[in-house]
Structure formats: structure tokens, C-alpha cells
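Everything on this sheet refers to the single structure shown next.
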Amino acid sequence: MNELGKNSVAMLTIDEGSEGQRIDNYLLKLLKGVPKSHIYRILRKGEVRANKKRVDATYRLVLGDIVRVPPVQTARREPVNVQPVTAKLSHCTIFEDNALLVINKPSGMAVHGGSGISRGVIEQLRLERPELKFLELAHRLDRETSGVLLLAKKRSALVKLHEAMREGGRTSEGGMDKFYFALVKGNWPDERRHVKLPLFKYLTAEGERRVSVREDGQASHTIFSLKQKWDGFTLLEAELKTGRTHQIRVHLSHLGFPIAGDDKYGDFPWNKELQRRGLKRMFLHAHKAVIRHPATGETLTLVAPLPPELERFLHSLEKPENAQTI
Numbered sequence: 005m006n007e008l009g010k011n012s013v014a015m016l017t018i019d020e021g022s023e024g025q026r027i028d029n030y031l032l033k034l035l036k037g038v039p040k041s042h043i044y045r046i047l048r049k050g051e052v053r054a055n056k057k058r059v060d061a062t063y064r065l066v067l068g069d070i071v072r073v074p075p076v077q078t079a080r081r082e083p084v085n086v087q088p089v090t091a092k093l094s095h096c097t098i099f100e101d102n103a104l105l106v107i108n109k110p111s112g113m114a115v116h117g118g119s120g121i122s123r124g125v126i127e128q129l130r131l132e133r134p135e136l137k138f139l140e141l142a143h144r145l146d147r148e149t150s151g152v153l154l155l156a157k158k159r160s161a162l163v164k165l166h167e168a169m170r171e172g173g174r175t176s177e178g179g180m181d182k183f184y185f186a187l188v189k190g191n192w193p194d195e196r197r198h199v200k201l202p203l204f205k206y207l208t209a210e211g212e213r214r215v216s217v218r219e220d221g222q223a224s225h226t227i228f229s230l231k232q233k234w235d236g237f238t239l240l241e242a243e244l245k246t247g248r249t250h251q252i253r254v255h256l257s258h259l260g261f262p263i264a265g266d267d268k269y270g271d272f273p274w275n276k277e278l279q280r281r282g283l284k285r286m287f288l289h290a291h292k293a294v295i296r297h298p299a300t301g302e303t304l305t306l307v308a309p310l311p312p313e314l315e316r317f318l319h320s321l322e323k324p325e326n327a328q329t330i
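Residue numbers (the numbering used here): 5 to 330.
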């Protein structure tokens, strides 16, 4: 039995990572082990719905879609990767009121279940907070990325947050500002650089999602600011002006400055060396988001402190005499 949709209907909110995918491909990846013929059967019978409406296999998902997935049976029994939760996620809360819940997501935890993962952030929080009648992810972070993650406690708040993300401008213009810390290989030369490289999404032969810089890709824009340098390392702050899948990781890799510990786009021999030196994860952390509150309109600055393991690694780096904090 596939853990997702095992005994009851699942309602999934489409985030930036799934936006634009055909719904049949989305389900094939989500429900691994479910026969292909069964997935197309539940689509034909109208058991899968988007925003309460029947859709066919060619429907392309839109950011914010609510997809209904019925209970399904896998073709074979498969082990399910149950992610250990070392501490309650509610203890990671940065901000909460009657419309929003904002947490500092740990690295190594997916934002939602599926593809062999029984429980992600959203499922765990629903278990911890059964009194919340509505709780949905407003956006996503990669499994390996830690930091600020917004969830909506009201549908009206979810709609407003999605509108802000689509707006793409600064908070003052109705958009949302998101900032990340990334430790990269090499000597970054500029104090501030605008990077505008089109990104193309594709699936590998194994069915894994990947992104590359390609002329026919989606427009994307990241602003990188230099924060600190060490011998062979640079700490950057990345400001997202668009929210494409793996945007920061691919932009930096393409420019020749891979993120430390990136297991998809990084320098793999270097990553092994970093593991021996104590860095066991990717050094990418969503440290700040600035938004307009979806109910009150006030400006909120949401900050997630750098995790202890990343702080420890920075302290371990030998700092040359001329290194400066910018």
C-alpha cells in the first residue's frame, strides 16, 4: 500500500516544484509502485481532481492548485522511507498567528510526503497540530535546504501568499523578498552581481527532476551579494527575484561556484572532502523572508538563524589575515 492516499483521500497543494507539469507525470512520480494503467484509470473516472474539477491526463498543474488523490493500491509491497523527526517541528516555529505558521525547516526533511517518503513537513505538522482545520504549504524548500518555510492556516491567506509569489517584485510592490545563505567553492569576485540565466526543467532516465541553463528555459533572476571569504570558500547571500526549481543551485554551478555539499549540481569529489571535514549536508539556508501579512498588510521580516552545524563549519575554516566580513 502506498503511504500517500493509503486509507483516505489526499489533498495536495501544488508548489513551484510541480508547477507546469502534466498531471499524469506528476501522479506517476508521486505514486511510485502504482501501476501506470491504474493511474490513467483514476484520471479517466474523475477520481483525481484539480480545484474540485475533473481533469484529463494532459492537464498542466498551476501554482496553488489543490489536487485530490484517491486511495490507491501499489502493485507490490515497497519499503517506505519514514523520515525520523528528532524534535517536534512546532518547536521550530519562527512566527505564528491566526493566518500564518512560519517554521525554520530542518535540512534533510522533505516538505511533503510521496516518492517513497511517508511523512514530510506538512504531514508532521498536521499530526502535531490536529486542532488546525486548514494547514497548507505556501511554497517549498528542497529537502536538503533549511530555513524559513511559510504555511497558511486559512485558504484566504494561502491565496494572498501565492499572489505575492507570482507578483515577483519587492515586498513594497506586493511581492515577497526571499534571501538565502550559500557557501560556495572558489573566490567570488563581485560584491554584488545580478544573474539572469534561463532555466530548463527535465527528468533524468531514472525519473529524477533536474534543471539546466538553456536558452529556451524559463527566465530567472538571482542577486548574489558577497558576505565573507576564506581560502577556497565564499559565503554569499542570494536574493531570489524569481522562484524557479533549484534556481540558486543551478545558477551557481553554471557560473563555476558550486554550493558546498550539493549532491545534484555540486563538485562531487570536493563534497567528499568536505564530509571528512565535518560538513554532512548542503550549505544552503533560507535565512530571511520579507512579506506583507496576507490579512493585515503589515510588513513582516521572518528570520531563521543559521543551523548549528553550518555555524560550526564556518568557524572551522581558516581565515586569511585579509578576510573581511562585508
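Glycine residues also receive a C-beta, built at the ideal position from the N, C-alpha and C atoms.
These numbers were taken from a predicted model, which means no experiment stands behind them.
Is the distance from the Cβ of residue i to the Cβ of residue j below 8 Å?
{"i": "N355", "j": "T238", "result": "Nothing can be reported for residue 355: it is not among the residues displayed for the chain, which extend from 5 to 330."}
{"i": "V115", "j": "L162", "result": "no"}
{"i": "I126", "j": "D69", "result": "no"}
{"i": "F287", "j": "L139", "result": "no"}
{"i": "A264", "j": "L283", "result": "yes"}
{"i": "K189", "j": "P273", "result": "no"}
{"i": "K231", "j": "L244", "result": "no"}
{"i": "H289", "j": "F185", "result": "yes"}
{"i": "D271", "j": "R253", "result": "no"}
Using the beta-carbon count (16 or more within 10 Å), is residue i buried or exposed?
{"i": "N108", "result": "buried"}
{"i": "I27", "result": "buried"}
{"i": "K233", "result": "buried"}
{"i": "S41", "result": "exposed"}
{"i": "T90", "result": "Low per-residue confidence applies at T90: pLDDT is 44, beneath 50, and the placement is therefore not dependable, though the value from the model is reported in the following sentence. Its Cβ having fewer than 16 others within 10 Å, T90 is exposed."}
{"i": "R45", "result": "exposed"}
{"i": "G260", "result": "exposed"}
{"i": "Y206", "result": "exposed"}
{"i": "H198", "result": "exposed"}
{"i": "G179", "result": "buried"}
{"i": "L136", "result": "exposed"}
{"i": "D194", "result": "exposed"}
{"i": "S22", "result": "buried"}
{"i": "K182", "result": "buried"}
{"i": "R296", "result": "buried"}
For residue i, tell me which candidate among the options has the shortest Cα-Cα distance.
{"i": "K268", "options": "A156, R133, A293 and R213", "result": "R213"}
{"i": "R196", "options": "I227, R280 and V73", "result": "I227"}
{"i": "Q333", "options": "R218, G151 and F204", "result": "What is shown of the chain runs 5 to 330, which leaves residue 333 out entirely."}
{"i": "R2", "options": "R316, A186, L35 and H143", "result": "Given a span of 5 to 330 for the chain in the structure shown, any question on residue 2 remains unanswerable."}
{"i": "D60", "options": "L67, L31, G37 and R123", "result": "L31"}
{"i": "P110", "options": "S320, R285 and L230", "result": "R285"}
{"i": "E100", "options": "L155, V199 and P309", "result": "L155"}
{"i": "H258", "options": "P311, K200, K157 and R133", "result": "K200"}
{"i": "A14", "options": "T62, C96, N29 and V76", "result": "V76"}
What is the DSSP secondary structure of residue i, reduced to helix, strand or coil?
{"i": "L32", "result": "helix"}
{"i": "H198", "result": "strand"}
{"i": "S229", "result": "strand"}
{"i": "W274", "result": "helix"}
{"i": "I18", "result": "coil"}
{"i": "F99", "result": "strand"}
{"i": "Y44", "result": "helix"}
{"i": "A161", "result": "helix"}
{"i": "L283", "result": "coil"}
{"i": "S150", "result": "strand"}
{"i": "V66", "result": "coil"}
{"i": "R296", "result": "strand"}
List the residues that DSSP assigns as beta-bridge partners of residue i.
{"i": "S216", "result": "F204"}
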